[in-house]
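The next block holds one structure in the form of structure tokens; read it before the comments.
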Amino acid sequence: MLRAEDVKDEFLLCGICTKEFDEEIHTPRVLPCLHTFCQSCMKKILKGNLMVCPFCKVEYALPSDGIYVFPKDSTRRNLIEFLKVRKRSSDILCKDCPDDNIAADFCKECYIFMCLDCTRAHRRSLASRTHPTIDIKQLQTSGPEVFRRKLKCTKPGHEGQPLVFYCTKKECDQLVCTTCTVCDHDKTKGHAIVNIKDIHSQKTAELNKVFKMLQNDVNTAKMISQQTEQELLNIDIKEYEIEQEIEDAFEACHKALDLRKQELKSKLAALCENKKSAMIYRSRHIETYINDVTNAKEFASSITNHADPTEFIPLHLTLYRRLKMLTGQKFKKTLQVESPSFEPVKMNDDFLRFVTGMGQLSTVVHTRKLSWKRGRTDVGTTGARTPSIEGDIRLGDILCPEFVYDPDTVHQYRKISEDLKSLQNQSLGYTAQLPHSERRLRKYRGVVGSRPFQHPGKHYFEVHVSFKIHKQLDNVNFVFEIGIINRRSDVDSGHYVYDHRNAWSFCAQHCEEHKQLCQWCRHDGRNLAHVPLSGIDAGTVVDVTYGFLVDTDRRKLVVADCTNQRNLYTFTNLEVTRPLWPVFGCHWPSKVKIDMTLRTGNEIQDIPAHLQSE
Numbered sequence: 001m002l003r004a005e006d007v008k009d010e011f012l013l014c015g016i017c018t019k020e021f022d023e024e025i026h027t028p029r030v031l032p033c034l035h036t037f038c039q040s041c042m043k044k045i046l047k048g049n050l051m052v053c054p055f056c057k058v059e060y061a062l063p064s065d066g067i068y069v070f071p072k073d074s075t076r077r078n079l080i081e082f083l084k085v086r087k088r089s090s091d092i093l094c095k096d097c098p099d100d101n102i103a104a105d106f107c108k109e110c111y112i113f114m115c116l117d118c119t120r121a122h123r124r125s126l127a128s129r130t131h132p133t134i135d136i137k138q139l140q141t142s143g144p145e146v147f148r149r150k151l152k153c154t155k156p157g158h159e160g161q162p163l164v165f166y167c168t169k170k171e172c173d174q175l176v177c178t179t180c181t182v183c184d185h186d187k188t189k190g191h192a193i194v195n196i197k198d199i200h201s202q203k204t205a206e207l208n209k210v211f212k213m214l215q216n217d218v219n220t221a222k223m224i225s226q227q228t229e230q231e232l233l234n235i236d237i238k239e240y241e242i243e244q245e246i247e248d249a250f251e252a253c254h255k256a257l258d259l260r261k262q263e264l265k266s267k268l269a270a271l272c273e274n275k276k277s278a279m280i281y282r283s284r285h286i287e288t289y290i291n292d293v294t295n296a297k298e299f300a301s302s303i304t305n306h307a308d309p310t311e312f313i314p315l316h317l318t319l320y321r322r323l324k325m326l327t328g329q330k331f332k333k334t335l336q337v338e339s340p341s342f343e344p345v346k347m348n349d350d351f352l353r354f355v356t357g358m359g360q361l362s363t364v365v366h367t368r369k370l371s372w373k374r375g376r377t378d379v380g381t382t383g384a385r386t387p388s389i390e391g392d393i394r395l396g397d398i399l400c401p402e403f404v405y406d407p408d409t410v411h412q413y414r415k416i417s418e419d420l421k422s423l424q425n426q427s428l429g430y431t432a433q434l435p436h437s438e439r440r441l442r443k444y445r446g447v448v449g450s451r452p453f454q455h456p457g458k459h460y461f462e463v464h465v466s467f468k469i470h471k472q473l474d475n476v477n478f479v480f481e482i483g484i485i486n487r488r489s490d491v492d493s494g495h496y497v498y499d500h501r502n503a504w505s506f507c508a509q510h511c512e513e514h515k516q517l518c519q520w521c522r523h524d525g526r527n528l529a530h531v532p533l534s535g536i537d538a539g540t541v542v543d544v545t546y547g548f549l550v551d552t553d554r555r556k557l558v559v560a561d562c563t564n565q566r567n568l569y570t571f572t573n574l575e576v577t578r579p580l581w582p583v584f585g586c587h588w589p590s591k592v593k594i595d596m597t598l599r600t601g602n603e604i605q606d607i608p609a610h611l612q613s614e
């Protein structure tokens with residue numbers, strides 16, 4: 001039953017003058033856009049034959065009937081009377097007498113409130129003694145359907161006759177009374193008359209069909225809206241990632257330029273050294289020649305000037321041969337200086353043009369199919385029990401399997417410890433030097449566990465999550481995710497797994513509702529539950545251990561807060577025909593420092609009591 005508090009006040013008030021709708025001055029009329037205003041305000045905003053909706057600004061060209069072409073909404077009046085009875089029944093006055101007596105009854109045929117005296121008179125009158133009446137107290141526990149009115153014909157001469165038929169002729173398309181069918185809507189003149197109940201069922205079915213179509217569209221729109229919100233987050237993350245890629249690419253370019261610079265400098269030093277060695281060698285050769293000529297000339301001159309001819313003649317041949325030999329020594333009479341030079345080939349303008357074309361930013365369109373079907377989509381082998389290995393421990397009927405973070409899957413921007421048990425996000429600029437692996441995650445910022453959980457049996461592991469916020473989080477910040485997925489190849493199809501139909505995710509993200517960091521349980525893009533975890537301000541520190549009980553026999557995943565000894569949520573209807581792989585992701589290193597430490601196998605001492613009760 002409709003409650004008084006369910007009726008919005010604005011539904012009963014004119015959107016322009018904010019007066020309550022009535023049947024005299026503020027009669028409600030509905031525009032094709034479904035915005036409703038009183039006819040008094042409509043007359044004021046009407047400009048010639050043009051009517052503009054004040055809310056959505058749609059324009060309507062009106063015929064000669066003016067605003068009366070818009071249908072009157074009688075349901076508003078019914079709801080107003082319903083609320084009057086529910087909220088202030090003592091203020092309702094009798095409408096059948098001039099004494100302003102308090103109303104005690106309501107006539108469902110005449111649709112009027114009556115005092116006790118008028119009710120008695122109403123029941124004595126021959127014209128109204130059969131009318132059904134209901135007292136005010138009973139009205140207060142009734143729904144608004146009591147106030148529904150069967151409209152009467154208003155055509156002169158037909159007043160008061162019930163409208164029980166409908167003329168479907170194109171020119172008519174209106175409710176008619178019995179007299180109308182005889183006088184004005186004769187079937188022999190092309191009028192088609194149907195019973196009002198039949199046309200009501202037909203038109204209700206038409207609306208329901210449209211309702212169903214619209215609901216499907218709304219469901220799709222909601223899914224798109226959710227995905228749009230997620231894509232907004234993905235864009236922020238992608239911006240951070242591409243910034244890192246740009247930094248890495250240009251850092252490599254800088255290194256290449258520095259290497260080329262050092263290479264040119266080394267070549268310049270070697271070239272100059274060779275040139276200097278050649279010039280020094282030539283200079284020394286010339287100096288030797290000059291010294292030899294000078295010495296020979298001085299010696300020959302001394303002999304010539306100071307020796308007796310008998311002394312000179314025996315020495316002449318020696319002197320002559322020496323001087324003649326010196327004249328035979330050739331050297332370049334000109335000095336050619338070869339100095340190094342630098343030509344900025346492919347630099348300056350050419351390089352600037354090259355730099356402006358370095359790198360390309362583009363968008364890749366991914367069309368996501370929206371599916372509203374639920375259920376099994378993959379067929380696998382059942383009965384493949386999780387194999388036991390060294391380090392596994394069984395506590396009762398629960399297996400605590402030993403597993404680690406798979407180093408061949410960890411994303412290059414994430415770091416795992418040497419013992420493969422700790423996962424960390426890293427600040428901007430960190431890129432792990434990892435060996436090539438076909439299983440390396442490219443999109444998902446995290447890692448996959450080294451072992452899956454298989455049916456049958458129960459499996460348990462824990463993750464200790466500690467983080468410190470060093471920059472305030474906002475409404476798109478996603479901190480960490482721990483989940484299971486039964487198609488390992490799907491992990492890297494996006495930044496998260498919570499929007500997969502074959503994944504079940506527990507994550508921490510900023511919550512607009514609580515204005516805090518909340519713990520969310522999600523599946524197939526739906527938010528199933530969430531509770532606050534911590535504040536979002538810089539300096540916030542969190543240390544909490546989570547337990548995960550994967551019950552493949554009952555197809556359940558129980559998520560527990562072991563630190564505060566409480567169960568957070570139980571996922572049901574897990575698809576266990578395929579192995580369930582644990583996945584772990586951590587995000588936003590620019591705002592929060594995260595460490596996610598696995599506790600598996602014999603590191604588990606006991607199963608929390610609150611988990612065993614599930």
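Under the UniProt record's numbering, the first residue of the sequence shown carries the number 1, and numbering increases by one thereafter.
Every residue, glycine too, gets a C-beta built ideally from N, C-alpha and C.
State the Cα-Cα distance for the pair residue i and residue j, rounded to the nearest angstrom.
i: ARG148; j: ILE136; result: 16 angstroms
i: LYS95; j: VAL30; result: 27 angstroms
i: ASP117; j: HIS158; result: 31 angstroms
i: PHE70; j: THR220; result: 32 angstroms
i: ASP350; j: SER266; result: 24 angstroms
i: LYS87; j: CYS521; result: 42 angstroms
i: VAL355; j: SER277; result: 39 angstroms
i: TRP588; j: ASP217; result: 34 angstroms
i: GLY380; j: ASP490; result: Summary for GLY380: the model assigns pLDDT 32, below 50, so the residue's position carries little reliability; its value from the coordinates is reported in the next sentence. One C-alpha to the other measures close to 16 angstroms.
i: CYS14; j: PHE37; result: 5 angstroms
i: PHE250; j: LEU352; result: 15 angstroms
i: SER422; j: TYR405; result: 8 angstroms
i: LYS202; j: GLU59; result: This sequence places Gln at residue 202; Lys is not what is there. Whole-angstrom Cα-Cα distance: 30 angstroms.
i: MET325; j: LEU319; result: 10 angstroms
i: HIS523; j: ALA205; result: 35 angstroms
i: ASP492; j: LEU257; result: 35 angstroms
i: PRO162; j: VAL176; result: 8 angstroms
i: ASN295; j: ARG282; result: 20 angstroms
i: LEU151; j: THR228; result: 47 angstroms
i: ALA127; j: LEU62; result: 42 angstroms
i: TYR68; j: GLU109; result: 27 angstroms
Would DSSP call residue i helix, strand or coil?
i: ARG599; result: strand
i: ARG566; result: strand
i: ASN16; result: Note on identity: in this sequence residue 16 is Ile, with Asn being the wrong assignment. Three-state result, ILE16: coil.
i: ASP551; result: strand
i: CYS507; result: strand
i: LYS346; result: coil
i: VAL491; result: helix
i: LEU326; result: helix
i: ASN425; result: strand
i: residue 634; result: Because the chain here runs from 1 to 614, residue 634 falls outside it and cannot be looked at.
i: TYR444; result: coil
i: MET114; result: strand
Quick check on the burial criterion: 16 or more other C-beta atoms within 10 angstroms. Buried or exposed for residue i?
i: ASN425; result: buried
i: VAL541; result: exposed
i: PHE403; result: buried
i: CYS586; result: buried
i: ALA560; result: buried
i: ASN602; result: exposed
i: ALA252; result: exposed
i: ILE237; result: buried
i: GLN174; result: exposed
Verify the contact flag: residue i, CB atom, against every heavy atom of the ligand NAP, threshold strictly below 6 angstroms.
i: GLU575; result: For the ligand NAP, the structure offers nothing, since it holds no ligand at all.
- Where are the alpha helix (DSSP H) runs, 4 residues long or more, that stay fully inside the UniProt domain "RING-type" (14-57), in chain order? Entirely contained in the UniProt domain "RING-type" (14-57), the alpha helix (DSSP H) runs reaching 4 residues are, in chain order, 39-45.
- Message: Could you check whether the region 31-43 touches the region 113-120, counting it as contact only if at least three pairs of C-beta atoms, one from each stretch, sit closer than 8 angstroms?
- Response: no
- Message: Is it the case that the region 482-489 contacts the region 568-586, given that we only count it when at least three CB pairs across the two stretches are under 8 angstroms?
- Response: yes
- Item | Contact between the region 227-246 and the region 295-308 (3+ Cβ pairs under 8 angstroms) | No contact exists between the region 227-246 and the region 295-308.
- Message: Check whether the region 410-420 and the region 435-448 touch, using three or more Cβ-Cβ pairs below 8 angstroms as the test.
- Response: yes
- Is the region 509-529 in contact with the region 554-574, if contact means three or more CB pairs nearer than 8 angstroms? yes
- Message: Would the region 537-557 count as touching the region 455-475 if we require 3 or more Cβ pairs under 8 angstroms?
- Response: yes
- Three or more beta-carbon pairs under 8 angstroms between the region 11-30 and the region 74-85, yes or no? yes
- Do the region 465-474 and the region 588-603 meet, that is, are 3 or more Cβ pairs less than 8 angstroms apart? yes
- Message: For a minimum of 3 consecutive residues, which ranges assigned as the beta strand (DSSP E) are wholly contained in the region 125-183?
- Response: Look at the region 125-183 and you find these whole runs of beta strand (DSSP E), each 3 residues long or longer: 133-135, 165-167 and 174-176.
- Item | Runs of alpha helix (DSSP H) lying entirely within the region 189-228, each at least 4 residues, in chain order | Runs of the alpha helix (DSSP H) lying entirely within the region 189-228 and spanning at least 4 residues: none are present.
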